[in-house]
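Residue numbers for the sequence shown follow the numbering used here, beginning at 2 and rising by one. Glycine included, every Cβ here is placed at the ideal spot set by N, Cα and C.
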Amino acid sequence: LEEALAVSDLFGFDPDSILKTSARARIGIKEVLDVICDKVPPPDSLADDDGTILRAKVIDSWFEPRRGVVCLVRVLSGAMEEGDRISIIDGGQARKDSYSVQEIGLVLPHRMRTT
C-alpha cells in the first residue's frame, strides 16, 4: 500500500488503479496483460493499406553460421508466408535482389516456429 501511494504521488496516478504485480512471484501477470489489451490501442492502419501488399520494417538482423542471415521484422500490413520472395525497398526504390522467406516464427525467450 505504501508503494502504491508513493507511486501515485510521484506520477499522479489514482492509487486504486495501480496493479500489484511481481514477475518473480508470478503475481498479477494476467491482470497486467488484460489492462494492456484494454487500454493500449492497436496501431493505426496505413492510409493506402488494402492488405494486399506486404509492408514490413527490418528491426534487427544477425548472422548465424548454420542458418545464414536472420532478420527480425515487424509486419505493418499484408502477410508473409514461408517460400515467399521479398525485396528491400530503400528510399522508395526496390533493390534488384530478392530473398526467400525460409521460416516464420515469434521471438519469445525461446524461438517458436509458427508454420
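query, result
"How far does the beta strand (DSSP E) with Asp-10 in it reach, from first residue to last?", "From DSSP, Asp-10 is part of no beta strand (DSSP E) but of the alpha helix (DSSP H) over 3-12."
"Rounding to the nearest angstrom, what Cα-Cα distance links Gly-84 and Ala-48 in this structure?", "28 angstroms"
"Roughly how many angstroms lie between the CA atoms of Gln-103 and Lys-97, to the nearest whole one?", "19 angstroms"
"Would you report the Cα separation of Ala-7 and Thr-22, rounded to the nearest angstrom?", "16 angstroms"
"In whole angstroms, what separates the C-alpha of Arg-67 from that of Asp-35?", "39 angstroms"
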